[in-house]
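Its first residue numbered 153, the sequence shown is counted upward by one per residue in our numbering.
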Amino acid sequence: MCGHRLFRDWLRSHPDDRELYATTKRRLARDTAHRPGDYSLAKNAVIDEIYGRIFAASEAAEG
């Protein structure tokens, strides 16, 4: 499955990570308003954190 779909599906079923991502995006949109190019790069840390949980859960399920 495509990484973007994995991420989307994870957020749909994990409200804590969905809120973390949404809160982070709102904060970064505000903080980088004068540097729009920085917005996407700034999201990488939270995206990587969430992907870490996705892959850990996938590995645990495969057992």
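Don't be surprised by glycine CBs; every beta carbon is placed ideally from N, CA and C.
Does the beta-carbon distance from residue i to residue j come in below 9 Å?
{"i": "residue 203", "j": "residue 159", "result": "yes"}
{"i": "residue 194", "j": "residue 172", "result": "no"}
{"i": "residue 198", "j": "residue 176", "result": "yes"}
{"i": "residue 170", "j": "residue 178", "result": "no"}
Which residue wins for smallest C-alpha separation from residue i, given the options the options?
{"i": "residue 166", "options": "214, 209, 188, 215", "result": "209"}
{"i": "residue 162", "options": "206, 188, 197, 183", "result": "206"}
{"i": "residue 168", "options": "214, 213, 201", "result": "201"}
Quick one: is the Cβ of residue i within less than 8 Å of any heavy atom of the ligand MG?
{"i": "residue 159", "result": "Absence of the ligand MG is noted for the structure shown, with no ligands found whatsoever."}
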